[in-house]
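> Residue numbers (my numbering): 15 to 332.
Built from N, CA and C at the ideal position, the CB exists for glycine as well.
My questions all concern the structure below.
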Amino acid sequence: MTESKTDCYFFIVNPRAGSGKTMFEWLPAERKLKRLGIPCDIAMTDHKRHATALAYEAASKGYRKIIAVGGDGSLHETFNGICRWCARTGTPTEEFLLGVVPIGSGNDWIRSLGVPNDTSEVVDLIRKNSVGVMDVVRVKSSGGRLAYMANIGGVGFDSHVCKRVNIQKESGRRGKMIYLNSLRYTIFNLKPVYISVVADGEVIFTGQCFSVALGNGRYSGSGMRQVPLAVMDDGLLDYAVIPKAPLAKVLKELPRLFSGTLNQSEYVISGKCRSLQIVPMDEQSADIFELDGEIEGLLPMSVEITGHQINVIKGENA
């Protein structure tokens with residue numbers, strides 16, 4: 015172990031990311047780090063949620079620069095490990111640097127930060143200390159469960175697409191088409207939920223709903239933009255509510271997910287807030303929700319901008 019933990023990068027490597035191509039892409043990046051004289055320690059994950067435990071342990075040992083090597087799932091777990099340690103100890107997240115060396119089928123978080131999807135170029139950003147900040151978003155849900163969101167979360171279409179995508183990933187499938195196929199399947203098979211949505215204490219929607227997306231970042235599902243106006247460091251959470259509508263109308267609006275104009279649709283309720291609550295109005299509507307592509311619990315959920323930020327690796331022109 016390196017003596018000065020605060021100056022040392024701690025890399026958490028997911029060897030299963032990117033259809034098993036992690037080591038093929040990571041080993042050259044690791045050699046480049048060492049060639050450039052960037053101090054680093056490395057740990058490998060061996061099961062789901064392991065990155066959370068490793069990040070938590072790294073923080074407790076004094077590391078303050080913690081980098082996930084993998085996709086958005088690895089980032090989510092690593093971020094949660096840091097935030098949970100900070101919450102337990104009272105340490106401000108502002109002491110930490112979070113980043114991703116992108117290897118995986120889903121790398122949407124880095125898009126909002128202008129980070130290239132290239133391991134060697136990310137090492138260059140680390141060398142140049144190209145750093146920005148990101149708001150910390152905390153989520154409480156059914157049973158007192160607590161989690162943190164780095165990028166995008168949601169209910170309805172959003173969570174069920176993620177559930178189906180994750181099932182396909184676990185069976186070994188990869189690529190952009192699994193997102194599109196999961197979206198198509200979900201549109202034709204998902205039933206609406208009966209919910210109430212409250213933004214900053216004001217009820218903005220109550221009724222049958224197909225989807226609610228909430229975002230710190232702009233991109234999800236390999237480039238879809240449910241909350242195209244989201245800014246990671248503006249102290250605000252973006253939301254998009256899609257009420258129940260005839261299927262033909264929903265399909266007509268679908269291209270807006272990719273053009274970044276969903277907020278302009280007459281069928282969508284969108285805006286910005288500091289806190290958001292989603293409450294099921296009947297037992298059948300206590301649906302699953304996702305954060306950063308991972309299923310994290312059941313409704314009701316309460317989401318809030320904590321007022322804290324965390325340092326993040328960003329692109330040079332972001």
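What residue from 240, 211, 122 has the CA that sits closest to residue 87's CA?
Taking the first residue of the sequence shown as 1, we reach residue 87 at position 73. Nearest option by C-alpha distance: 122.
> Starting from residue 220, trace the beta strand (DSSP E) both ways and give me its first and last residue.
For the purposes of this step, residue 220 is taken as residue 206 along the sequence shown, with counting starting at 1. It spans 216–229 - the beta strand (DSSP E) in which residue 220 sits, taken as one unbroken run.
> Locate the beta strand (DSSP E) running through residue 148, then write down its first and last residues.
Stepping through the sequence shown from its first residue, residue 148 is reached at position 134. That run of the beta strand (DSSP E) goes 145–155.
> With a floor of 3 residues, list each beta strand (DSSP E) that falls wholly inside the segment 69–130, ordered by position along the chain.
For the segment 69–130, whole beta strand (DSSP E) runs of length 3 or above, ordered along the chain, are 79–84, 111–116.
> With a CB to CB cut of under 8 Å and the five nearest residues on each side skipped, what residues in its chain are close to residue 314?
Taking the first residue of the sequence shown as 1, we reach residue 314 at position 300. These residues qualify, in order along the chain: 155, 156, 291, 292, 293, 294, 300.
> Taking 8 Å as the cut-off, decide whether the C-beta atoms of residue 335 and residue 264 are in contact.
It is not possible to answer for residue 335, since the shown part of the chain is limited to 15 through 332.
> Just to confirm, is the Cβ distance from residue 83 to residue 115 under 8 Å?
By 1-based counting over the sequence shown, the position of residue 83 is 69. By 1-based counting over the sequence shown, the position of residue 115 is 101. In contact: residue 83 and residue 115 (Cβ atoms closer than 8 Å).
> Give me, in chain order, the residues of the same chain whose beta-carbon lies closer than 8 Å to that of residue 226; leave out the 5 immediate sequence neighbours on both sides.
Within the sequence shown, residue 226 is the residue found at index 212, counting from 1. 168, 169, 170, 172, 209, 211, 253, 254, 255, 256, 292.
> Looking at C-alpha atoms only, which residue of 19, 25, 322 is the closest neighbour of residue 12?
No answer is possible for residue 12: the residues shown for the chain start at 15 and end at 332.
> Residue 316 by DSSP, collapsed to three states: which one?
For this step, residue 316 is matched to residue 302 along the sequence shown. Looking at residue 316 - three-state DSSP - the assignment turns out to be strand.
> Below 8 Å CB to CB, which residues in the same chain sit around residue 272 once its five sequence neighbours on both sides are set aside?
Taking the first residue of the sequence shown as 1, we reach residue 272 at position 258. Answer for residue 272: 237, 238, 239, listed in chain order.
> Would you kindly work out how many angstroms separate the C-alpha atoms of residue 50 and residue 141, rounded to a whole number?
Start at 1 with the first residue of the sequence shown, and residue 50 comes out as number 36. Start at 1 with the first residue of the sequence shown, and residue 141 comes out as number 127. When rounded, the distance between both Cα atoms is 8 Å.
> Looking only at C-alpha atoms, which of 158, 303, 148, 207 sits nearest to residue 322?
Residue mapping note: residue 322 aligns to position 308 of the sequence shown, counting from 1. If we check each option's Cα against that of residue 322, 148 comes out closest.
> Among the candidates 251, 106, 70, whose CA atom is the shortest distance from the CA of residue 94?
In the sequence shown, residue 94 corresponds to position 80, counting from 1. Checked all of 251, 106, 70; the closest Cα to residue 94 is 70.
> By alpha-carbon positions, which one of 308, 48, 85, 175 ends up nearest to residue 36?
Within the sequence shown, the letter at position 22 stands for residue 36. The option with the nearest alpha carbon to residue 36 is 85.
> Pick helix, strand or coil for residue 15, following the three-state DSSP scheme.
If you number the sequence shown from 1, residue 15 lands on position 1. With a pLDDT of only 39 at residue 15, under 50, the local geometry of the prediction cannot be trusted, and no value is derived from it.
> What does the Cβ neighbour count give for residue 331, buried or exposed, with the cut at 16 atoms within 10 Å?
In the sequence shown, residue 331 corresponds to position 317, counting from 1. Per the 10 Å Cβ criterion, exposed.
> Checking 8 Å against the spacing of the C-beta atoms, do residue 166 and residue 249 come in under that value?
Looking up residue 166 in the sequence shown gives position 152. Looking up residue 249 in the sequence shown gives position 235. No. Outside cutoff.
> Just reading off the alpha helix (DSSP H) that residue 204 is part of, what are its end residues?
To locate residue 204, count along the sequence shown from 1; it is residue 190. Per DSSP, residue 204 belongs to no alpha helix (DSSP H) and is neither H nor E.
> With a CB to CB cut of under 7 Å and the five nearest residues on each side skipped, what residues in its chain are close to residue 104?
Numbered from its first residue, the sequence shown carries residue 104 at position 90. If we look at residue 104 and ignore the five residues flanking it on each side, it has no Cβ neighbours.
> Cβ of residue 243 within 8 Å of Cβ of residue 288?
Position 229 of the sequence shown, counted from the first residue, corresponds to residue 243. Position 274 of the sequence shown, counted from the first residue, corresponds to residue 288. Contact flag unset, no.
> Tell me which residue opens and which closes the alpha helix (DSSP H) that residue 140 is part of.
As a position in the sequence shown, residue 140 is number 126, starting the count at 1. Element bounds for residue 140: 133–141.
> Within 10 angstroms of the Cβ of residue 305, are there 16 or more other Cβ atoms? Answer buried if so, exposed if not.
Residue numbering aside, residue 305 sits at position 291 when the sequence shown is read from its first letter. It counts as buried.
> According to DSSP, what are the bridge partners of residue 167?
For the purposes of this step, residue 167 is taken as the residue at position 153 of the sequence shown. Per DSSP, 228, 305.
> Would you identify the three-state DSSP class for residue 323, choosing helix, strand or coil?
Translated into the one-based positions of the sequence shown, residue 323 becomes position 309. Of the three classes helix, strand and coil, the one that applies to residue 323 here is strand, per DSSP.
> At 4 residues or longer, and completely inside the segment 259–283: list those alpha helix (DSSP H) runs for me, N to C.
Complete alpha helix (DSSP H) runs here, min 4: 261–267, 270–273.
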